[in-house]
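For reference, the structure discussed in these notes is given below.
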Amino acid sequence: MAMSEPAASDTQSDGDDAEAIRVEDLHKSFGSLEVLKGVSLTAHKGDVVAIIGGSGSGKSTFLRCINFLETPSSGRIVVNGEEIQMRADGSPVNRRQIERVRTRLGMVFQAFNLWTHRTLLENVIEVPVHVLKVPKDRAIKRAKELLERVGLGDRGDTFPSFLSGGQQQRAAIARALAVDPSVMLFDEPTSALDPELVGEVLTVIRDLAAEGRTMLLVTHEMKFAREVATHVVYLFEGRIEEQGPPAELFGNPKSARLKQFLKTVG
Amino acid sequence: MDLILETLGLAASAELLSLNPPGWGGNLLRGLANSLQIAFGAFGFGLLIGLFGASGKLYGGVVIRDLLAIYTTVIRAVPELVLILILYYVGTDLINKASQMLGYGRVEISGVVAGIWVLGIVQGAYATEVLRGAIKAVPQGQIEAARAFGMPPFMLMRRVTIPAMMSYATPGLANLWLIATKDTALLAIVGFSELTLETRQAAASTRAYFTFFLAAGALYLIVTLFSGAVFARIEKWARRGQPSLRGAHK
Ligand SMILES: Nc1ncnc2c1ncn2[C@@H]1O[C@H](COP(=O)(O)OP(=O)(O)O)[C@@H](O)[C@H]1O
Ligand SMILES: [Mg+2]
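Residue numbers (this note's numbering), protein chains in the order written: chain A, 1 to 266; chain B, 1 to 250.
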């Protein structure tokens, strides 16, 4: 079983070590297939937790359980001090609580998942205006700032399908930022991109890390994880096999499986 | 003008089709108006049934799914003419029974309302399938993104699923609309004075069958052409944001 409280020491230098998210003993099975076998993880404000691991190790499932896109089988999830009420079978007690917590978790998907019938600006204001009930003019002003920030200031009126993957992913990051999330969840944000487009997306994420955004980042970009993460978690077959500060985990891995994994991904 | 008609031997036809009595043109146009009114109502009613039907089939429990399967299967299996007879007589009979039980006596059921209800139920079965297919074609990721950002189910339907499925649904819905306009002709069998019945009456009274059926055909054609133009615009709007397919398959 994995340990909890991993990341505490990493953020104390900020003087802001309030807990942003805590997951305790998370289990998830699909039918008879147990995909998560008790994963615990805590991120404090400003932490960047990189989650690495082989394909099928349960990284996506872990992120998707946090915002209940998948219903966990058991465990505890606390976001910003608010514990999500679960029944014994892991199903949520209160749909509204889930919806409220979801608006605090900005998710960025591997396949971008922008709404293709809406322009970039419409994509970015959609949740603030309709879910969070922010006045439209204020949402538009903020959306324009965010698009500017991810380098798409002149593309607000363009529909997603007319843009490159890198541009779409940057717009998706702007959409996630628009809800001013407590924690951002990235699920392999650059894996669907052509190699020459990876850099522009990583640059945006690096900026967010530098400004102290709390994030959980599933990635196969090991160099990038080492550079931006405050804490790295290595998942193997639904368990945390090893975790620690990036320098230690990448520089001096202890588990044989992690050593092997790091060799294969270069 | 008169001279041209005279030389073409169409003067008699023009007189028969004149909008004022003794011409029958006015009757034909009234019939057309009735047909369109019913087609419009039935299409709208069918769309509403279809939206609930598709949601029920996709997201409903076992009982709802089974009931909807019976509905769409039966309606699509039985010839429309038979359905119209059944729904019309059963429907009016039920309403009359109910009204008599409540002590109101027989009620006169308007042909337009009966037509809309009968054709609407038929349209609803087809619309359920058209919309179910369209909803399933919406990329799952877009629905998931909406859920991930805390959209409640009804808002998700309204803001994401319905607009995103429109481009997949419009061709099928355009077909349904055209079928609705033509199915109104079947209502002639229950004595409803839509375009086809008016045409038959005019033709029988004057023995000018060719003239009147040609005229009615032309009216149906105009409706079809006009509908085609309208749906082309709707489809263009629904496909906004999607690159043109032209060239994509070269
Ligand atoms: N909806 C699902 N139904 C059944 N099995 C699933 C489902 N989603 C994921 N899995 C399985 O769970 C395992 C972990 O998947 P995933 O979390 O996507 O891994 P990763 O993101 O680390 O590649 C895989 O074996 C996958 O086949
Ligand atoms: Mg994955």
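Even glycine gets a Cβ: it sits at the ideal position worked out from N, Cα and C.
Run of the alpha helix (DSSP H) containing residue i, from where it starts to where it stops
| i | result |
| --- | --- |
| Arg96/A | Arg95 to Arg102 |
| Phe268/B | This structure leaves residue 268/B out entirely; chain B is present only between 1 and 250. |
| Lys235/B | It should be pointed out that residue 235/B corresponds to Glu in this sequence rather than to Lys. Run containing Glu235/B: Tyr209 to Ala238, per the alpha helix (DSSP H) assignment. |
| Gln243/A | No alpha helix (DSSP H) holds Gln243/A; the beta strand (DSSP E) holding it covers Arg239 to Gly244. |
| Gly53/A | Taken as a continuous stretch (DSSP letters only), Gly53/A belongs to no alpha helix (DSSP H), being part of the beta strand (DSSP E) at Val48 to Gly53. |
| Phe30/A | Where Phe30/A is concerned, there is no enclosing alpha helix (DSSP H), although the beta strand (DSSP E) it sits in stretches over Glu19 to Phe30. |
| Phe192/B | Taken as a continuous stretch (DSSP letters only), Phe192/B belongs to no alpha helix (DSSP H), as it is neither H nor E. |
| Gly141/B | Gln140 to Ala148 |
| Leu173/B | Ile162 to Asp183 |
| Phe154/B | Pro153 to Leu156 |
| Ile110/B | The sequence given here places Ser at residue 110/B; Ile does not occur at that position. Ser110/B -> no alpha helix (DSSP H), and no H or E assigned at all. |
| Glu196/A | Pro195 to Ala210 |
| Lys263/A | Ala256 to Thr264 |
| Met101/B | Glu80 to Met101 |
| Ile75/B | Val62 to Ala77 |
| Asn123/A | Leu120 to Glu126 |
| Phe224/A | Met222 to Val228 |
| Gly165/A | Gly165 to Leu177 |
| Ser191/A | Neither: Ser191/A is in no alpha helix (DSSP H) and is coded neither H nor E. |
| Lys144/A | Lys136 to Arg149 |
CB-CB length for residue i against residue j, believed under 8 Å
| i | j | result |
| --- | --- | --- |
| Ala185/B | Leu195/B | 7 Å |
| Tyr234/A | Glu227/A | Contact flag wrong, Cβ pair sits at about 17 Å. |
| Asn80/A | Arg102/A | Going by Cβ atoms, the distance from Asn80/A to Arg102/A rounds to 12 Å, so no, they are not a contact pair. |
| Met107/A | Ala148/B | 4 Å |
| Val218/A | Asp187/A | 5 Å |
| Leu69/A | Glu144/B | 6 Å |
| Ala137/B | Gly50/B | With 8 Å as the limit, Ala137/B and Gly50/B do not qualify as a contact, their Cβ atoms being about 15 Å apart. |
| Ile109/B | Leu87/B | Wrong, their Cβ atoms sit about 12 Å apart, outside the cutoff. |
| Val93/A | Arg87/A | 6 Å |
| Met215/A | Val48/A | 5 Å |
| Leu119/B | Ile189/B | Rounded, the Cβ-Cβ distance is 13 Å, inconsistent with contact. |
| Val201/A | Gln169/A | 5 Å |
| Arg175/A | Gln167/A | Incorrect: roughly 13 Å between the Cβ atoms, too far for contact. |
Boundaries of the beta strand (DSSP E) in which residue i is found, first to last residue
| i | result |
| --- | --- |
| Met215/A | Met215 to Val218 |
| Glu34/A | Leu33 to His44 |
| Gly75/A | Ser74 to Val79 |
| Asn234/A | The sequence shown places Tyr at residue 234/A, rather than the Asn named in the question. Element bounds for Tyr234/A: His231 to Phe236. |
| Phe62/A | Segment Lys59 to Ile66 is the alpha helix (DSSP H) holding Phe62/A; no beta strand (DSSP E) there. |
| Gly106/A | Leu105 to Val108 |
| Val183/A | Val183 to Asp187 |
beta-carbon residue i near ligand 2 non-hydrogen atom, thresh 7 Å
| i | result |
| --- | --- |
| Glu188/A | yes |
Residue i beta carbon near ligand 3 (any heavy atom closer than 7 Å)
| i | result |
| --- | --- |
| Leu119/B | As presented, the structure is devoid of ligand 3, carrying ligand 1 and ligand 2 as its sole ligands. |
request  = Output the residues surrounding ligand 1, defined as those with a CB atom closer than 5 Å to any ligand heavy atom, in chain order.
outcome  = Listed along the chain, these residues meet the criterion: Phe30/A, Val35/A, Ser55/A, Gly56/A, Ser57/A, Gly58/A, Lys59/A, Ser60/A and Thr61/A.
ask   = Can at least three beta-carbon pairs, one atom from the segment 209-227 of chain B and one from the segment 70-77 of chain B, be found at a separation below 8 Å?
value = With the rule of 3 Cβ pairs closer than 8 Å, the segment 209-227 of chain B does not count as touching the segment 70-77 of chain B.
Touching by the beta-carbon criterion (3+ pairs, under 8 Å), the segment 127-138 of chain A and the segment 166-182 of chain A = Judged by pairs of C-beta atoms under 8 Å, the segment 127-138 of chain A touches the segment 166-182 of chain A, as three or more such pairs exist.
query = Does the count of Cβ pairs from the segment 10-28 of chain B and the segment 39-59 of chain B closer than 8 Å reach three?
reply = They do not touch, by the three-pair rule.
query = Are the segment 36-55 of chain A and the segment 14-28 of chain A touching by the rule of at least three beta carbon pairs closer than 8 Å?
reply = These segments touch.
ask   = Looking at C-beta atoms only, is the number of pairs between the segment 148-163 of chain B and the segment 109-127 of chain B that lie closer than 8 Å three or more?
value = No, they do not touch.
message = For the segment 126-138 of chain B against the segment 55-70 of chain B, do three or more pairs of beta-carbon atoms, one drawn from each stretch, fall closer than 8 Å, so that the two count as touching?
response = Taking 8 Å as the limit for Cβ pairs, the verdict is that the segment 55-70 of chain B does touch the segment 126-138 of chain B.
query = Per the contact definition of three or more C-beta pairs closer than 8 Å, is the segment 237-244 of chain B in contact with the segment 166-173 of chain B?
reply = Result yes; three or more Cβ-Cβ pairs closer than 8 Å.
The segment 258-266 of chain A in contact with the segment 9-21 of chain B per 3-pair CB rule at 8 Å = Judged by Cβ distances under 8 Å, the segment 258-266 of chain A makes no contact with the segment 9-21 of chain B, as fewer than three pairs qualify.
ask   = Looking at C-beta atoms only, is the number of pairs between the segment 237-253 of chain A and the segment 50-61 of chain A that lie closer than 8 Å three or more?
value = With a cut-off of 8 Å on Cβ pairs, the segment 237-253 of chain A is in contact with the segment 50-61 of chain A, counting three or more such pairs.
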